[in-house]
Amino acid sequence: MAAEHPRRTLAALGLSPRKSLGQNFLADLNVARKIVELAQRFPPPFVEIGPGLGALTSLLAEAGTPVVAVEVDRGLAAHLRDRFGGGSVEIVEADFLAVPTQEWRRRFPMGGTVLGNLPYSVSSPIVLRLIELRDLFPRAVLMLQREMVDRLCAGPGGKEYGILSVYLGVLAEARKEFVVRRTCFHPSPDVDSAVMTVRFIGGLPEELVAALRTVVRAAFARRRKTLRNAPVPFLPGGAARWCDLLAAAGIDPAGRAEEVPPAAYLALAGALARL
């Protein structure tokens, strides 16, 4: 079943999809319902990133769910304010990535859940930002490019496995929920999308997380080379000390970054943090 087609709504508003913002509007009401059903498993309030024309927002509003919808497009933000003003939905005209952490803490002192149909071009920065905000927003339901979801949920040993895979493998439970065909959007993108859920795991000391970022970036900096050849300017003692840390974590220095599971990277981060 399709909602009112975004093409008609945009035409009535005198707006067009903006390639510069990666705008692809969800046009399938059944998909919107499935996403909202996933989100409603998690506690409100919600932050919606890039609400667009309000496909998800409207379903949350119907349920009386408190939502802060963050939209960078001025024309769309004005439309959303007209459509949802005075209810359980607050529209914030801003770039999600530019909103300071203290502002989120002010608005959500008890935390919340994130959901959104993310522009492909800023998916990685947004995921990294959500990792930074994981204590405040420990749950997320995200629609991204299918290939991106496959990378985020990947395990070791394949080409999809990378830095973000490791971060989520250590810091969260990430699950690919379902695929959304490109024909469900206006305009239709060149690739399919997928919806994923993220449940962040608390309790890791921040110094350990910082060490994790350091060792993972070093390991993947020269992905095609063995781990013993990773650049380690942060480490007194250089390559020799690095190989000692790898051995302490049970990691073969002759292996490659994509072969190392998240738990081993966490052990490596612990070895670095203890120096």
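Numbers in the working numbering are just positions in the sequence shown, counted from 1, shifted up by 106. Ideal placement from N, C-alpha and C gives every residue a C-beta, glycine not left out.
Around the CB of residue 162, 16 or more other CB atoms lie within 10 Å, so the residue is classed as buried.
Between the segment 361-375 and the segment 269-276, the count of C-beta pairs closer than 8 angstroms reaches three or more; the two stretches touch.
Under the three-state reduction of DSSP, residue 163 is assigned to helix. With respect to the C-alpha of residue 141, the residue from 179, 370 and 250 having the closest C-alpha is 250. For the set 303, 369, 288 and 185, the Cα lying nearest the Cα of residue 322 is the one of 369. Put simply, the backbone Cα of residue 279 is about 6 angstroms away from that of residue 306. Inclusion of residue 221 and residue 284 in the CB contact set at 8 angstroms is not warranted, their separation being larger than that value. Listed in chain order, the non-local C-beta contacts of residue 123 below 6 angstroms within the same chain comprise 129 and 293, local neighbours out to five positions each way being set aside. Taking residue 158 as reference, the option from 148, 138 and 182 with the minimal CA-CA separation is 182.
With a contact defined as Cβ atoms closer than 8 angstroms, residue 167 and residue 194 qualify at about 6 angstroms.
The alpha-carbon separation between residue 290 and residue 298 amounts to approximately 9 angstroms. The DSSP assignment places 180-190 as complete runs of the alpha helix (DSSP H) inside the segment 168-204, in order along the chain (cut-off: 4 residues). Residue 319 holds the alpha-carbon nearest to the alpha-carbon of residue 340 among 179, 331, 356 and 319. By the Cβ criterion, the segment 346-353 is not in contact with the segment 247-266, since fewer than three pairs of Cβ atoms, one from each stretch, lie closer than 8 angstroms.
Bounds of the alpha helix (DSSP H) holding residue 269 are 269-277. Less than 8 angstroms divides the Cβ of residue 375 from the Cβ of residue 317.
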